[in-house]
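> Note that the working numbering has the sequence shown beginning at 1, numbered continuously upward. Glycine included, each C-beta is placed from N, C-alpha and C at the ideal position. Since the structure is predicted, the reported quantities are computational estimates derived from the model, not experimental observations. Please find one structure pasted underneath; my questions will follow.
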Amino acid sequence: MKITTENISLKEKIGYGLGDAASSMFWKLFGIYLMFFYTDIFGMEAKLVGTMFLITRVWDSLFDPIIGIIADRTNSKWGKFRPYILYVAVPFGVLGVFTFYTPSFGEEGKLIYAYLTYSLMMMVYSAINVPYAALLGVMSASPKTRSILATFRMSFAYIGSFVTLLLFNPMVNYFSAHSNDIEAQRHGWVMAAAVIAICCIVLFLLCFAWTKERVQPAKESNSSLKKDVKELFNNGPWWVLLGAGLSTLIFNSVRDGAALYYFKYYIDEEHYGKIMLVNVPFVLSGLYLALGQLANIVGVIIAAPLSNFIGKKNTFMLTMLIATLGSILFYWMDKDYLWGIFSLQVLISICAGAVFPLLWSMYADCVDYSEFKTGNRATGLIFSSSSMSQKLGWAFGTAITGWLLGYYGFQANQLQSQETISGIKMFLSFFPAVGTVLSIIFISFYPLNEQKMQAISVELDKRRN
Numbered sequence: 001m002k003i004t005t006e007n008i009s010l011k012e013k014i015g016y017g018l019g020d021a022a023s024s025m026f027w028k029l030f031g032i033y034l035m036f037f038y039t040d041i042f043g044m045e046a047k048l049v050g051t052m053f054l055i056t057r058v059w060d061s062l063f064d065p066i067i068g069i070i071a072d073r074t075n076s077k078w079g080k081f082r083p084y085i086l087y088v089a090v091p092f093g094v095l096g097v098f099t100f101y102t103p104s105f106g107e108e109g110k111l112i113y114a115y116l117t118y119s120l121m122m123m124v125y126s127a128i129n130v131p132y133a134a135l136l137g138v139m140s141a142s143p144k145t146r147s148i149l150a151t152f153r154m155s156f157a158y159i160g161s162f163v164t165l166l167l168f169n170p171m172v173n174y175f176s177a178h179s180n181d182i183e184a185q186r187h188g189w190v191m192a193a194a195v196i197a198i199c200c201i202v203l204f205l206l207c208f209a210w211t212k213e214r215v216q217p218a219k220e221s222n223s224s225l226k227k228d229v230k231e232l233f234n235n236g237p238w239w240v241l242l243g244a245g246l247s248t249l250i251f252n253s254v255r256d257g258a259a260l261y262y263f264k265y266y267i268d269e270e271h272y273g274k275i276m277l278v279n280v281p282f283v284l285s286g287l288y289l290a291l292g293q294l295a296n297i298v299g300v301i302i303a304a305p306l307s308n309f310i311g312k313k314n315t316f317m318l319t320m321l322i323a324t325l326g327s328i329l330f331y332w333m334d335k336d337y338l339w340g341i342f343s344l345q346v347l348i349s350i351c352a353g354a355v356f357p358l359l360w361s362m363y364a365d366c367v368d369y370s371e372f373k374t375g376n377r378a379t380g381l382i383f384s385s386s387s388m389s390q391k392l393g394w395a396f397g398t399a400i401t402g403w404l405l406g407y408y409g410f411q412a413n414q415l416q417s418q419e420t421i422s423g424i425k426m427f428l429s430f431f432p433a434v435g436t437v438l439s440i441i442f443i444s445f446y447p448l449n450e451q452k453m454q455a456i457s458v459e460l461d462k463r464r465n
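Encoded structure:
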């Protein structure tokens, strides 16, 4: 490997962060609003939505390594990974809008439309997000610099999510003229998604323009696909991170996917009416979700200094342990005890925010470990696995949410039974706690501590020189 002179400016760090701000805007819409959109706005049964999420996301998760393999073998004047950010930005935004559009079809036609648009959107998401993630591995060869870039990435990701979650409901209300008529609501949803799509396209283009690839092979690898895959499967730390990432995303997706149901059917947020902030009307669920994103940013900020003090692995285990305890406590929150509900949301979200920059930095370490063991640096393939675990986690999490909503007797836009309400409370408490416990078990086997990575970095520097 050879490395060009490394001089990463603040502008470039921000540019890299803008890419995940764009990705996270729609990712949060999918994770928090899409289940609710399909059941209460689009008009599908919860169990059908759950099955659709599982089928489409499992396929799309398998599509991620394909994109990683293609990106690893891409050569252009812009590098291996940046061209995908340039060319896929507009399709990403366009398909995002069509995903939130409700056609005038019958039940079968709408189901086919939902499968088609959501599947295409997730494939386009892979085509831009996998190369974007892999870009981290070639912007710098320094583990510390990569940790800083991961911090910028996750900070901007949560900023993008915060803005989206704070403004999406007000935009829906604005474009629907504050009407509860279902057709007006459908118009409001697709127009709000269009605004988000335009923002995403601009942010992706800025990410492309402001970043640079530095770590490049001294000669092109002639490694075969079969060899790349075999080496990936023999990468023990990668398997650990795959399990930990999958479990963490199940934890997040179950909590996020059920939040709107929790506030609509358990808290009864309509009882509180609109809450005015700077002359903009908000609902409780929107404030709850936006507050969670702010807390995520706090978690991102504390992740680096805490991991420098006690190590990435210990930081991961500590934050997930706290999230487990906070999630279990959530079950006993009375619907009138809003301060307790919002306080636990802050605590759990800080823990969740701290975990994800650690995961991205650990995946970059896995790339170095693979090069150290095999001499082959399959950056795109390894980073695609992180996206794969992310989507599999969301797939299982949202599928479980849809199926269990059906199991507990959920019926959209109706008064729910006590059994259904109890089930909805479980989605924000015991069910996500299962994911955090599994993530702790997986990460306890992670072997690449700071001392080992320092030794690997020194050896790789010798080889490159």
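Please confirm whether Y125 and N296 have their CB atoms less than 8 Å apart.
By 1-based counting over the sequence shown, the position of residue 125 is 125. By 1-based counting over the sequence shown, the position of residue 296 is 296. Not in contact: Y125 and N296 (Cβ atoms no closer than 8 Å).
> If distances are taken between C-alpha atoms only, which option among E459, A133, M320 and L460 comes closest to A71?
Translated into positions along the sequence shown, residue 71 becomes position 71. With distances taken between Cα atoms, A71 lies closest to A133.
> Could you check the C-alpha separation between F356 and F430 for me, to the nearest Å?
Taking the sequence shown and counting its residues from 1, the one referred to as residue 356 is at position 356. Taking the sequence shown and counting its residues from 1, the one referred to as residue 430 is at position 430. Straight-line Cα distance between these residues: approximately 21 Å.
> Which residues does DSSP list as the beta-bridge partners of P305?
Locating residue 305 in the sequence shown gives position 305, counting from the first residue. BP columns for P305 are empty, so no partner.
> Give me the Cβ distance between I350 and G299, rounded to the nearest whole Å; I'm assuming they're in contact under 8 Å.
Numbered from its first residue, the sequence shown carries residue 350 at position 350. Numbered from its first residue, the sequence shown carries residue 299 at position 299. Sure, about 4 Å apart at Cβ, within 8 Å.
> For I267, which option in L404, I424 and L277 has the closest C-alpha, if you only look at C-alpha atoms?
Stepping through the sequence shown from its first residue, residue 267 is reached at position 267. The option with the nearest alpha carbon to I267 is I424.
> On a CA-only basis, which of Q414, M362, G406 and N75 is nearest K452? Give me that one, please.
Counted from its first residue, the sequence shown places residue 452 at position 452. Ranking Q414, M362, G406 and N75 by Cα distance to K452 puts M362 first.
> Pull up the distance between the alpha-carbon of L167 and that of L277, whole angstroms please.
As a working mapping, residue 167 is identified with position 167 in the sequence shown. As a working mapping, residue 277 is identified with position 277 in the sequence shown. When rounded, the distance between both Cα atoms is 12 Å.
> Expressed to the nearest angstrom, what Euclidean distance is found between the alpha-carbon atoms of K226 and D334?
Here residue 226 refers to the residue found at position 226 of the sequence shown. Here residue 334 refers to the residue found at position 334 of the sequence shown. Here the C-alpha atom of K226 lies approximately 55 Å from the C-alpha atom of D334.
> Alpha carbon to alpha carbon, how far is T145 from G311?
Taking the first residue of the sequence shown as position 1, residue 145 is located at position 145. Taking the first residue of the sequence shown as position 1, residue 311 is located at position 311. Rounded to the nearest angstrom, the two C-alpha atoms are 16 Å apart.
> Could you tell me which of S155, A323, L136 and S142 sits nearest to G456, measuring between CA atoms?
Within the sequence shown, numbered from 1, the residue matching residue 456 stands at position 456. Contrary to the premise, residue 456 reads as Ile rather than Gly in this sequence. Restricting attention to S155, A323, L136 and S142, the CA atom closest to the CA of I456 is found in S142.
> On a Cα-Cα basis, can you pick out the residue from I348, R214, K391 and Q293 that is closest to K77?
Counting from 1 along the sequence shown, the entry for residue 77 is found at position 77. Of the candidates I348, R214, K391 and Q293, the one whose C-alpha sits nearest the C-alpha of K77 is R214.
> Assuming the contact rule is C-beta atoms closer than 8 Å, F156 and G245 should be a hit. Round their C-beta distance to whole Å, please.
As a position in the sequence shown, residue 156 is number 156, starting the count at 1. As a position in the sequence shown, residue 245 is number 245, starting the count at 1. Actually they are not in contact, since the Cβ atoms of F156 and G245 sit about 20 Å apart, beyond 8 Å.
> Taking the straight line between their C-alpha atoms, what separation do you get for Y288 and T211?
Against the sequence shown, residue 288 aligns to sequence position 288. Against the sequence shown, residue 211 aligns to sequence position 211. When the Cα atoms are used, Y288 and T211 turn out to be separated by approximately 34 Å.
> When you compare the CB positions of K127 and L232, do they come within less than 8 Å of one another, or not?
Translated into the one-based positions of the sequence shown, residue 127 becomes position 127. Translated into the one-based positions of the sequence shown, residue 232 becomes position 232. According to the sequence displayed, residue 127 carries Ala and not Lys. The answer is no: Cβ separation not under 8 Å.
> Taking the runs of the alpha helix (DSSP H) that are 4 residues or longer, which of them lie wholly in the region 147-214?
182-210
> Measuring alpha carbon to alpha carbon, tell me which of E419, N308 and F175 ends up nearest S147.
Residue mapping note: residue 147 aligns to position 147 of the sequence shown, counting from 1. Nearest option by C-alpha distance: N308.
> Alpha carbon to alpha carbon, how far is G409 from K313? Give it in angstroms, no decimals.
The residue you call residue 313 lines up with position 313 of the sequence shown. The residue you call residue 409 lines up with position 409 of the sequence shown. Looking at the two C-alpha atoms, the distance is approximately 40 Å.
> Excluding five sequence neighbours on each side, which residues of the same chain lie with their C-beta closer than 8 Å to the C-beta of G31?
Sequence index remark: in the sequence shown, residue 31 carries index 31 (1-based). Closer than 8 Å at the Cβ level, and outside the excluded window around G31, lie N252, S253, D256, G257, W394 and T398.
> Evaluate contact between the region 76-93 and the region 433-446, counting only Cβ atoms and requiring at least three cross-stretch pairs below 8 Å.
no
> Count the other C-beta atoms from every protein chain shown that fall within 10 angstroms of the C-beta of D365, then say buried if there are 16 or more, exposed otherwise.
Taking the sequence shown and counting its residues from 1, the one referred to as residue 365 is at position 365. Flag for D365 reads buried.
> Classify E269 as buried or exposed, calling it buried when 16 or more other Cβ atoms lie within 10 Å of its own Cβ.
Position 269 of the sequence shown, counted from the first residue, corresponds to residue 269. With 16 or more other Cβ atoms within 10 Å, it is buried.
> Return helix, strand or coil for M276, following the three-state DSSP convention.
Taking the sequence shown and counting its residues from 1, the one referred to as residue 276 is at position 276. Under the three-state reduction of DSSP, M276 is assigned to strand.
> Please go through the same chain and pick out, in chain order, the residues whose beta-carbon is closer than 7 Å to the beta-carbon of I198, but skip the five residues on each side of it.
Translated into the one-based positions of the sequence shown, residue 198 becomes position 198. G93, listed in sequence order.
> Quick check: what's the CA-CA separation for K274 versus S327?
Taking the sequence shown and counting its residues from 1, the one referred to as residue 274 is at position 274. Taking the sequence shown and counting its residues from 1, the one referred to as residue 327 is at position 327. Going by the C-alpha atoms only, they are around 27 Å apart.
> By the 10 Å Cβ neighbour count, where 16 or more other Cβ atoms means buried, how is K264 classified, buried or exposed?
Taking the first residue of the sequence shown as 1, we reach residue 264 at position 264. Classification of K264: buried, given that the 10 Å Cβ count is 16 or more.
> Assign K13 to buried or exposed, taking buried as 16 or more other Cβ atoms, counted over all protein chains shown, within 10 Å of its Cβ.
The residue given as residue 13 occupies position 13 in the sequence shown. By the neighbour-count rule (16 or more Cβ atoms within 10 Å), K13 is buried.
> One question on the structure: do M139 and D60 come within less than 8 Å of each other, judged by their Cβ atoms?
As a position in the sequence shown, residue 139 is number 139, starting the count at 1. As a position in the sequence shown, residue 60 is number 60, starting the count at 1. Not closer than 8 Å, so no.
> Can you tell me where the alpha helix (DSSP H) with L241 in it begins and where it stops?
Looking up residue 241 in the sequence shown gives position 241. L241 -> alpha helix (DSSP H) spans G236 to Y261.
> Would you check if the distance between the CB atom of I443 and the CB atom of F316 is smaller than 8 Å?
Within the sequence shown, numbered from 1, the residue matching residue 443 stands at position 443. Within the sequence shown, numbered from 1, the residue matching residue 316 stands at position 316. The answer is yes: Cβ separation under 8 Å.
> Give me, in chain order, the residues of the same chain whose beta-carbon lies closer than 7 Å to that of H348; leave out the 5 immediate sequence neighbours on both sides.
Position 348 of the sequence shown, counting from 1, holds the residue named residue 348. The amino acid occupying residue 348 in the given sequence is Ile; His does not appear at that position. If we look at I348 and ignore the five residues flanking it on each side, its Cβ neighbours are A323, G326 and S327.
> Helix or strand or just coil, what does DSSP make of P143?
Sequence index remark: in the sequence shown, residue 143 carries index 143 (1-based). Reduced to three states, the DSSP call for P143 is helix.
> Is the Cβ-Cβ distance between G106 and G402 less than 8 Å?
For this step, residue 106 is matched to residue 106 along the sequence shown. For this step, residue 402 is matched to residue 402 along the sequence shown. No, Cβ-Cβ distance for G106 and G402 is not below 8 Å.
> Measure how close the beta-carbons of L344 and F330 come, nearest whole angstrom, since I'm counting them as under 8 Å.
In the sequence shown, residue 344 corresponds to position 344, counting from 1. In the sequence shown, residue 330 corresponds to position 330, counting from 1. Confirmed, about 5 Å.
> Please list the terminal residues of the continuous alpha helix (DSSP H) segment that includes P432.
Taking the sequence shown and counting its residues from 1, one reaches residue 432 at position 432. Where P432 is concerned, the enclosing alpha helix (DSSP H) stretches over F430 to I443.
> Helix, strand or coil for Q414? Go by DSSP, reduced to three states.
Taking the sequence shown and counting its residues from 1, one reaches residue 414 at position 414. Reduced to three states, the DSSP call for Q414 is coil.
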